[in-house]
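**Q**
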Amino acid sequence: MNLKQAKSPAETTVVVAMSGGVDSSVAAALLVERGYNCIGVMMRLWAEVGAGEGSTNKCCSLESVNDARRVADQLGMPFYLINVERPFKERVVDYFIDGHRRGLTPNPCLACNRHIRFDYLLNYARKLGADYLATGHYARLRRDDDGTVQLLKAVDERKDQSYVLSVMGQAELRDVLFPVGDYPKTEIRA
Numbered sequence: 031m032n033l034k035q036a037k038s039p040a041e042t043t044v045v046v047a048m049s050g051g052v053d054s055s056v057a058a059a060l061l062v063e064r065g066y067n068c069i070g071v072m073m074r075l076w077a078e079v080g081a082g083e084g085s086t087n088k089c090c091s092l093e094s095v096n097d098a099r100r101v102a103d104q105l106g107m108p109f110y111l112i113n114v115e116r117p118f119k120e121r122v123v124d125y126f127i128d129g130h131r132r133g134l135t136p137n138p139c140l141a142c143n144r145h146i147r148f149d150y151l152l153n154y155a156r157k158l159g160a161d162y163l164a165t166g167h168y169a170r171l172r173r174d175d176d177g178t179v180q181l182l183k184a185v186d187e188r189k190d191q192s193y194v195l196s197v198m199g200q201a202e203l204r205d206v207l208f209p210v211g212d213y214p215k216t217e218i219r220a
């Protein structure tokens with residue numbers, strides 16, 4: 031990884047956005063294996079209205095939280111579950127509903143990446159004193175000598191997610207890592 035600072039991995043703190051799934055778990059494992067000081071963070075995005083007390087959708091299920099926590103424990107990382115339901119509703123769900131009402135086809139992933147993952151969560155990582163935020167997205171970065179960071183397609187073009195990350199500006203790109211983007215999905219799954 032071509033990083034923005036000349037710090038050693040042991041001196042570099044990375045907040046890893048965890049979902050309980052394979053991609054974010056492997057991203058965390060790759061960073062820990064390389065010697066980075068990692069902190070696992072999972073966002074509670076949404077609770078299903080009328081589904082019963084404590085009921086959440088699949089991405090925020092108790093099973094997913096437990097999976098993410100178990101991976102963090104196995105890797106020796108602290109783990110935090112943060113509640114982002116209000117900003118998620120205001121910035122993603124309401125945008126999606128409003129777009130449909132106006133006859134548009136909004137992409138909630140773009141809104142989530144722009145306003146939640148790479149704004150709210152990145153700021154949370156900065157408040158923790160982290161140097162980077164890492165996710166399990168399939169994309170790559172090239173850090174140029176002049177400090178410019180370019181978003182590139184993943185090695186596995188079938189799994190490439192650079193298009194949903196294209197809303198990020200230089201301020202965000204400088205502070206993120208996509209460890210699984212250098213690998214084909216078949217290696218990540220193995």
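All residue numbers for the sequence shown refer to the working numbering, where the first residue is 31 and numbers rise by one.
Idealized CB from N, CA, C, for every residue including glycine.
Because the structure is a prediction, the values reported are computed rather than measured.
#1: Sort Val56, Leu61, Ala155, Lys183 by Cα distance to aspartate 97 and report the nearest one.
#2: Tell me, to the nearest whole angstrom, how far the beta carbon of threonine 165 is from that of serine 54; I am working on the premise that it is less than 8 Å.
#3: Does the structure place the segment 170–180 close enough to the segment 119–133 that three or more beta carbon pairs sit under 8 Å?
#4: When burial is assigned at 16 or more other CB atoms within 10 Å of the CB, is asparagine 113 buried or exposed?
#5: Check whether the segment 194–212 touches the segment 138–157, counting contact only when three or more Cβ pairs, one atom from each stretch, lie closer than 8 Å.
#6: Could you tell me if threonine 42 is buried or exposed, where buried requires 16 or more neighbouring beta carbons within 10 angstroms of its beta carbon?
#7: Within its chain, find whatever has a CB closer than 8 Å to the CB of aspartate 103; leave out the 5 residues flanking it on each side and keep chain order.
#8: Could you compute how far the alpha carbon of leucine 75 sits from the alpha carbon of alanine 40?
#9: Name the DSSP bridge partner or partners of glutamine 200?
**A** Working from what's here:
#1: As a working mapping, residue 97 is identified with position 67 in the sequence shown. Minimum Cα distance to aspartate 97 is reached at Val56.
#2: Position 135 of the sequence shown, counting from 1, holds the residue named residue 165. Position 24 of the sequence shown, counting from 1, holds the residue named residue 54. With 8 Å as the limit, threonine 165 and serine 54 qualify as a contact, their Cβ atoms being about 7 Å apart.
#3: no
#4: To locate residue 113, count along the sequence shown from 1; it is residue 83. Looking at its Cβ environment, which holds fewer than 16 other Cβ atoms inside 10 Å, asparagine 113 is exposed.
#5: yes
#6: As a first step, residue 42 must be located in the sequence shown, where it is residue number 12. By the 10 Å Cβ count, threonine 42 comes out buried.
#7: Stepping through the sequence shown from its first residue, residue 103 is reached at position 73. The residues are Phe109.
#8: Residue numbering aside, residue 75 sits at position 45 when the sequence shown is read from its first letter. Residue numbering aside, residue 40 sits at position 10 when the sequence shown is read from its first letter. Roughly 31 Å separates the two Cα atoms.
#9: As a first step, residue 200 must be located in the sequence shown, where it is residue number 170. According to DSSP, glutamine 200 bridges with nothing at all.
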